[in-house]
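Colleague: Residue numbers (full-length UniProt numbering): 1 to 266.
We put the beta carbon where it would ideally sit given N, CA and C, even for glycine.
Predicted, not measured: the structure shown is a model, and the values here were computed from it.
Once you've had a glance at the structure underneath, I'll fire off some questions.
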């Protein structure tokens, strides 16, 4: 219920932003989307404003509420909420590309972004509107099949992942399987992945990766199946492999070797 409420408010904020943009001076809105934890490029070109731009363009990106990123030559500014996650590469900016590169996408990044070109000298600067981009942020959904006894690897996608919860296919309750800074004998964190060792039939069900706000970063439906039974072909292949490893080259020697092994085992 809490998660649904948060998602509802996020939708309301996004709708309010869209209404506000409808009254802004922009001529069109570019729509783009990205999965949470991944990267996104908000496209923008200032090439049509060559007549008013300087050799060192000054670019600003902002939401409808706050400044996000600024660049003028090597000098740049990143808002606290976007620290170490945003960039307009200086090399491409000089060629007219002012696209905003946003990494480690979060649900809170969803919304309208506007790009401005700042022109003029100190004391008489003005901002020229360039582009508006609507960013949508999606969670991840997938289905996995794992062989019994093997390991299951779950993507955490982002450093914002705090917990992993599990619901058995035979039950209704959710239980905490992993928590950041916690210890577990079966669960191991490797970079931005979580490894659950030695899968059992009881591990079949739904796994959710949750962030600090209680929102699901990913949902994975996992089926656990028994390992395939060995076939006659597999047994022959294993025998040939074994014979090769001990230097057996002829059928007669192979039969004799197997008889010796059989007598030894008896």
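Indicate whether residue 60 and residue 113 have their beta-carbon atoms separated by less than 7 angstroms.
Modeller: Taking 7 angstroms as the Cβ cut-off, residue 60 and residue 113 do not qualify as a contacting pair.
Colleague: Taking only the alpha-carbon atoms, compute the straight-line gap between residue 182 and residue 213 and give it to the nearest angstrom.
Modeller: The straight-line gap from Cα to Cα measures roughly 18 angstroms.
Colleague: Quick check on this structure: which residue in 34, 211, 217 has the alpha carbon closest to the alpha carbon of residue 110?
Modeller: Considering only alpha carbons, the answer is 34.
Colleague: Which residue marks the beginning of the alpha helix (DSSP H) containing residue 91, and which one marks its end?
Modeller: Where residue 91 is concerned, the enclosing alpha helix (DSSP H) stretches over 90-93.
Colleague: Helix, strand or coil for residue 136 per DSSP?
Modeller: Residue state, collapsed to three classes: strand.
Colleague: Counting only the same chain and skipping the five closest in sequence on each side, list residues whose C-beta sits under 8 angstroms from that of residue 210.
Modeller: Around residue 210: 161, 162, 163, 164, 165, 216, 217.
Colleague: Would you call the CB atoms of residue 64 and residue 86 closer than 7 angstroms?
Modeller: Taking 7 angstroms as the Cβ cut-off, residue 64 and residue 86 do not qualify as a contacting pair.
Colleague: Looking at residue 133: is its Cβ nearer than 7 angstroms to the Cβ of residue 58?
Modeller: Taking 7 angstroms as the Cβ cut-off, residue 133 and residue 58 do not qualify as a contacting pair.
Colleague: Among 151, 127, 80, which has the Cα closest to the Cα of residue 193?
Modeller: Of the candidates 151, 127, 80, the one whose C-alpha sits nearest the C-alpha of residue 193 is 151.
Colleague: Quick one: any contact between the region 221-232 and the region 127-147, if contact means 3 or more CB pairs under 8 angstroms?
Modeller: Output reads yes: the region 127-147 touches the region 221-232.
Colleague: In chain order, what residues of the same chain lie with their CB nearer than 7 angstroms to the CB of residue 107, ignoring the 5 residues before and after it?
Modeller: Here the set comprises 10, 36, 137, 215.
Colleague: What is the rounded straight-line gap between the Cα of residue 201 and the Cα of residue 171?
Modeller: Cα to Cα, the separation comes out at about 13 angstroms.
Colleague: I think residue 204 touches residue 159, with their Cβ atoms under 8 angstroms apart; what is that distance to the nearest whole Å?
Modeller: Contact doesn't hold; Cβ gap of about 29 angstroms is too wide.
Colleague: Could you tell me the distance, in whole angstroms, from the CA atom of residue 32 to the CA atom of residue 95?
Modeller: Computed Cα separation, rounded: 23 angstroms.
Colleague: From the DSSP output, read off the bridge partner residues of residue 117.
Modeller: In DSSP, residue 117 forms a bridge with 59, 128.
Colleague: Residue 219 lies in the beta strand (DSSP E); which residues open and close that run?
Modeller: Per DSSP, residue 219 belongs to the beta strand (DSSP E) from 216-225.
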